[in-house]
Amino acid sequence: MKKDFILNNKLNTSAFEDSLKLISESRYILIVTHVSPDADTISSALALSSYFHENKINHKVFNVDLSDVPKRLDFLAHFTKMIQKFPKSYDLIITVDCGARSRLGFEIPENMKVINFDHHKSNDKFGTINLLDINKASTAEIVYDFFKFNGLYISKNAATCLYVGIYEDSLAFTSARCDESTYEKINFLVKCGADASGIASNLLRRDSLAKYRIMPKILESLELHDEGKVASIYAEEIWFKQSGALMHETEEVLDMIFSIAVVKIAVYLRIVNNKVRISLRSKGNIDVSLIASKFNGGGHFNASGCIIETKDLQKAKNIIIKEICEK
Ligand SMILES: [Mn+2]
Numbered sequence: 016m017k018k019d020f021i022l023n024n025k026l027n028t029s030a031f032e033d034s035l036k037l038i039s040e041s042r043y044i045l046i047v048t049h050v051s052p053d054a055d056t057i058s059s060a061l062a063l064s065s066y067f068h069e070n071k072i073n074h075k076v077f078n079v080d081l082s083d084v085p086k087r088l089d090f091l092a093h094f095t096k097m098i099q100k101f102p103k104s105y106d107l108i109i110t111v112d113c114g115a116r117s118r119l120g121f122e123i124p125e126n127m128k129v130i131n132f133d134h135h136k137s138n139d140k141f142g143t144i145n146l147l148d149i150n151k152a153s154t155a156e157i158v159y160d161f162f163k164f165n166g167l168y169i170s171k172n173a174a175t176c177l178y179v180g181i182y183e184d185s186l187a188f189t190s191a192r193c194d195e196s197t198y199e200k201i202n203f204l205v206k207c208g209a210d211a212s213g214i215a216s217n218l219l220r221r222d223s224l225a226k227y228r229i230m231p232k233i234l235e236s237l238e239l240h241d242e243g244k245v246a247s248i249y250a251e252e253i254w255f256k257q258s259g260a261l262m263h264e265t266e267e268v269l270d271m272i273f274s275i276a277v278v279k280i281a282v283y284l285r286i287v288n289n290k291v292r293i294s295l296r297s298k299g300n301i302d303v304s305l306i307a308s309k310f311n312g313g314g315h316f317n318a319s320g321c322i323i324e325t326k327d328l329q330k331a332k333n334i335i336i337k338e339i340c341e342k
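Written as structure tokens, this is what we have:
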């Protein structure tokens, strides 16, 4: 059995039903979030986890490195129950927001059944059942569709998770992939008990001081290229040690420079595991996933990333800026 749900204005809902059937036939489910987890993958996983808890379905939410999970999501139900050690046995994997096999951080065991919830163009349909919709701004929206098409009850806990995933991955409802259905979902999630104001307080008003110690340094690194169309910033490894800031706390600086009127593409470089990790953002019809894919990276049309195998930030900056400006 291999089922794909790919949206072309026509819903193939049978893949949602088949997913639920596969879930009900399984004894122990491993929900897998991606490496360098973001709010979409964690929220999507914890929304499913809430449903599974409420319905006594054996499962665990897995991430290959829990120390990487953003702490600011700790208000989501079952956040502390996530694991990074494999359970003794499991017979179904559900991946959420994993745009490629490599994003799981481990090899899928042979003959393992996999349900693949995702919205990345790069996804090569590695699942037994693939619930892919690249037109959606978040994987959380596809998890929502799974609940709705199967007529499943969305508890307050699950609704809160789904709201957070949709909010964060749509960049606070500013993504071009937000459509009418996004707001219909949000409306329904609020009816289910998601508290928009409470969520905003938890998500946006709990910054560390360290974040504001490192931000000026990163902003100071700002350079404009190609008559200001391309902006780059970087963060030296030592700045993290000096300030105590965490990697994911600095991503907002990229959004800040991306907001400069003349800038069309924004680039952020920092060192992760002795290599330079690069995040790219673009406005309008500029596809930065094409640039990321030149360096074996991936992501979305307007937001993607890649890794360059060097410890030299300046060298990596020159390589990526050259690639962008020669486009
Ligand atoms: Mn996502």
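According to my numbering, the residues represented by the sequence shown are 16 to 342, in order. Where is the CB? At the ideal position from N, CA and C, for every residue including glycine. Note that the coordinates shown come from a computational prediction; the quantities given were computed from them, not determined experimentally.
Do you know how far the Cα of residue j is from the Cα of residue i?
i	j	result
Lys136	Ser190	16 Å
Lys25	Asp133	At Lys25, the pLDDT of 44 sits below 50, so the modelled position is not reliable; the number obtained from the coordinates is stated separately. When rounded, the distance between both Cα atoms is 17 Å.
Ala173	Asn145	22 Å
Met230	Lys128	44 Å
Ser58	Glu195	21 Å
Leu328	Ile286	7 Å
Leu239	Val245	6 Å
Arg116	Arg292	19 Å
Asn23	Glu183	Only weak support is given to the placement of Asn23: the predicted model assigns it a pLDDT of 41, under 50, and the value that follows is read from those uncertain coordinates. Answer to the nearest angstrom: the Cα atoms are 25 Å apart.
Thr110	Lys36	16 Å
Gly166	Gln257	51 Å
His263	Asn126	35 Å
Lys232	Asn288	21 Å
Asn70	Leu204	19 Å
Phe273	Asn73	43 Å
His93	Val303	35 Å
Ile108	Val278	41 Å
Val47	Asn78	6 Å
Arg42	Asn138	27 Å
Phe316	Ala209	30 Å
Thr265	Lys163	35 Å
Lys309	Glu341	13 Å
Lys290	Ala225	23 Å
Asn333	Glu324	13 Å
Lys171	Ala62	10 Å
For the candidate residues the options, whose alpha-carbon lies nearest to that of residue i?
i	options	result
Gly114	Glu69, Ile72, Asp55 and Lys75	Asp55
Leu91	Glu252, Val179, Ala318 and Ser274	Val179
Lys206	Asn217, Leu177 and Leu45	Leu177
Ser216	Ser29, Arg87 and Asn150	Arg87
Ala318	Lys332, Ile275, Asn333 and Leu269	Leu269
Gly241	Lys71, Ser170, Ile339 and Asp89	Note on identity: in this sequence residue 241 is Asp, with Gly being the wrong assignment. Of the listed residues, the one whose Cα sits closest to Asp241 is Ile339.
Arg228	Leu261, Leu204 and Phe164	Leu261
Tyr168	Gly120, Lys100, Ser65 and Ile181	Ser65
Leu119	His49, Asp139 and Leu81	His49
Ile201	Ile98, Met97 and Tyr159	Tyr159
Gln99	Val84, Leu147 and Asp106	Val84
Phe141	Ile123, Thr154, Glu156 and Asp148	Ile123
Tyr249	Ser223, Glu235 and Gly259	Glu235
Cys193	Glu32, Glu156 and Ala30	Glu156
Ser153	Ser185, Phe161 and Asn131	Ser185
Gly243	Ile38, Asp89, Met271 and Ala281	Ala281
Leu284	Gly320, Gly259, Gly313 and Leu218	Gly320
Helix, strand or coil, according to DSSP, for residue i in the structure here?
i	result
Asn131	strand
Val5	Not covered by the structure: residue 5. The range shown for the chain is 16 to 342.
Gly314	strand
His74	strand
Ile293	strand
Ser64	helix
Arg87	helix
Arg285	strand
Ser247	strand
Ser319	strand
Ile98	strand
His93	coil
Asn145	strand
Thr325	coil
His49	coil
Thr28	coil
Glu125	coil
Val205	helix
Glu264	helix
Asn23	The pLDDT assigned to Asn23 is 41, lower than 50, so where the model puts this residue is not dependable; a value taken from the coordinates is nonetheless given after this. The answer is coil: DSSP assigns Asn23 none of H, G, I, E or B.
Val277	coil
Ile306	helix
Ile108	strand
Within 10 angstroms of the Cβ of residue i, are there 16 or more other Cβ atoms? Answer buried if so, exposed if not.
i	result
Asp112	buried
Phe188	exposed
Lys337	exposed
Tyr346	Since the first residue of the chain shown is 16 and the last is 342, residue 346 is not available in this structure.
Asn300	exposed
Arg296	buried
Ala276	exposed
Ala331	buried
Ile44	buried
Asn150	exposed
- [ ] Output the residues surrounding ligand 1, defined as those with a CB atom closer than 5 Å to any ligand heavy atom, in chain order.
- [x] Asp55, Asp112, Thr154 and Asp184
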